[in-house]
Amino acid sequence: MKLRYNVRVYPSASQRGSLARAFGCARVVWNDALRLRRDAHAQGLPRPTAAELSKRVITEAKKTPGRAWLGEVSAVVLQQSLRDLETAYSNFFASKNGTRKGPRMGPPKTKKKTARQAIRFTVNAHSVTRSGKLRLSKIGDIEVCWSRKLPSKPSSVTVIQDPSGRYFASFVVEVDDKPLPGLDVEETDTGIDLGLSSYAVLRGRKIASPKFFRRQERKLRRAQRAVSRKRKGSNNRRRAKQAVAKIHARIADRRRDFIEQETTRIVRESQAVYVEDLNVKGMATRRGRLGKSVHDHSLGKFVRTLEAKCQRYGRTFVRVDRWFPSTQLCSRPGCGRLTGPKGREELNVRVWTCAECGTRHNRDENAEANLRAAGRKRVAEMQHEAERQNACGEHVRPRKPGLRSMKQEPTRSLAAARGGAGGSHPRSRG
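At position 136 of the sequence shown (counting the first as 1) the number is 123 in this note's numbering, and the numbers step up by one without a gap.
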C-alpha cells in the first residue's frame, strides 16, 4: 500500500526564488504541450506522442531565446509536468468512454498562476541527507521539520506551496498493512449515523459537531472585508489576501486533525464498521442554508479516511445503501415498521414514538441500530456469496434435491438424468 507523508519544510530566501522559478517553468511546459495537442486536434493531425512533446516543449524550447530559462530548473520537474498532462488526458478519455468510476472529468485546462503551486521530483532527483535535510536538484538542501520517520525510501516527493505561504514536502512511500488484534464482532461492531446536529452517532457514544468553520466565520468575514478595501494590485491587498488564506488553512488543519483522530479511535475500538453511503454533494445543494454546515463537516473525507484505515488495519467496512430508511424504521426486534419522521419538513423531530409497538426512539440512536442491523445482513450476504464461489472464482451451481450425481449412473443419458423429454426418472416407470 502506498501512503503520503506530509512534512513542513522551510526553504531559505534564495531557495524560495528557485522554487518559484520551478513552479513557473512547470506551468509553462504544461501550457505549451496543451496548446500543441489542441492545435493538432483542431487541424485533424495525429495526436503527438509524449516523446514528441518532450522534444518540442523542453529540449528544443531550451535552445530558443524565449524559453532559454527552462534550463535553470531541473529537467525532472518539466518531465513530470508532461506526465501529469498525459494522466489528465487519460482520465478525460476514460471518463468519456465510461470506463472510469466517479464524477465525469473534463479535458485539461490552461494553468494560471494561483496561490497554490506544486512540483514533483522523482527518486533520482531528490534525497534525504544524513543531517535530515531534503536535497532537491538545482535547489539545494532544505530544512525539514520531521514529525516521524519515513517507513521506507520514498519513490517521489512533491513540494507544495499553499495559499498561506507555507511549504510542504509530500513523500510517497510503500508501507505494509498492520492488522490490529481481532475483537468480538458482536460486541464491538457499530453503525455510524452521520449528521449535522451530532457529527456522528456510534454504538454507545456520540461525536459532537466541531463546527470549525462556523467558529471562525466572524474572523474570516472581518479579514475578507479588509481585502475588499485594498486597492487591486497593491502590496496591502496581497498581504490581506494572505491573512484570509491563513484563516482558511487553520480551519482545514483543525478539521483534518479531528478526522484523523476520530477515525483512528473508531478503528481501534470496532471490529466492523457500517456507514451510510451519503450523497454529500446533494445534501449541500438541496438543504439550502444548511449547505455551509454540510461542507464544514466534511463527511465525505471522514468516510474515505475511515475506509482506508479499515482496509489497512484489517477491519470490516461496509457501505449501507443510501436509500435505506434508517431513520424511519423502528429498530425494536420484531417490529421494523416505517412509522418514523419522513421528509425535510420533519428534520427537527429528534424523538418519535412508533405507532405500531409504542417504542420511543431517539432519531440518531435508532438510525445507528438500523444501520448496524443492515450492515450485519450485508456482511452475511457477502460471506454466503464467497462460499458459493470455487477456486476459479465462478459460482458453484447447487445440486437439486432428489437427483443422483452423474458419476453414480454412467450409463444414463443427460436427458434421462434430468428427467427431461428424452427420458423419465427410473422410479416413475410403471
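The beta carbon of each residue, even a glycine, is placed where N, CA and C say it ideally should be.
Here the structure is a predicted model, which is why all the values come from computation and not from measurement.
- Pairing Phe158 with Leu189 gives a Cβ-Cβ distance that is not under 9 Å.
- Per DSSP, Lys217 lies in no alpha helix (DSSP H) and is assigned neither H nor E.
- Separation of Ala342 and Val267 (C-alpha to C-alpha, rounded to the nearest whole angstrom) is 31 Å.
- Here Gly93 is exposed, its C-beta having fewer than 16 other C-beta atoms within 10 Å.
- The residue among Thr101, Trp310, Ala75, Asp283 with its C-alpha nearest the C-alpha of Leu265 is Trp310.
- In this structure, Tyr(-8) sits away from Ile129, with a CB-CB distance that is not shorter than 9 Å.
- For the set Lys165, Arg237, Arg276, Val16, the Cα lying nearest the Cα of Lys98 is the one of Val16.
- Under DSSP, Gly178 forms a beta bridge with Tyr261.
- Ranked by how close their Cα comes to the Cα of Gln258, the residues Pro166, His282, His348 have Pro166 in first place.
- Taking one beta carbon from each stretch, the stretch 121 to 128 and the stretch 34 to 48 have fewer than 3 pairs nearer than 8 Å; the two do not touch.
- Asn349 sits in a strand when the DSSP states are folded into three classes.
- Looking at the DSSP output, Lys(-11) bridges to Glu161.
- DSSP places Arg192 in the uninterrupted beta strand (DSSP E) bounded by 192 to 195.
- In this structure, His284 sits near Leu181, with a CB-CB distance shorter than 9 Å.
- The stretch 6 to 88 contains, as complete alpha helix (DSSP H) runs of 4+ residues, the segments 37 to 41, 62 to 84 (chain order).
- Below 8 Å, too few C-beta pairs join the stretch 13 to 27 and the stretch 137 to 157 to call them touching: fewer than three.
- Closest in alpha carbon position to Arg103, among Arg306, Lys233, Arg122, Val305, is Lys233.
- Per the C-alpha coordinates, the member of Ile238, Ser142, Arg122 positioned closest to Lys(-11) is Ser142.
- With a 10 Å radius around the Cβ and a threshold of 16 neighbouring Cβ atoms, Arg192 comes out exposed.
- DSSP, reduced to helix, strand and coil, places Asp128 within a strand of the structure shown.
- Looking from the CA of Gly269, the closest CA among Gly278, Ser68, Val262 belongs to Gly278.
- Under the three-state reduction of DSSP, Gln148 is assigned to strand.
- The three-state secondary structure of Gln376, taken from DSSP, is strand.
- Between Ile238 and the set Glu247, Ile246, Ala7, Phe200, the nearest pair of CA atoms involves Phe200.
- Note on Gly53: under 16 other CB atoms within 10 angstroms of its CB, so exposed under the neighbour-count rule.
- Residue environment analysis places Gly178 among the buried positions, since at least 16 neighbouring C-beta atoms fall within 10 angstroms of its C-beta.
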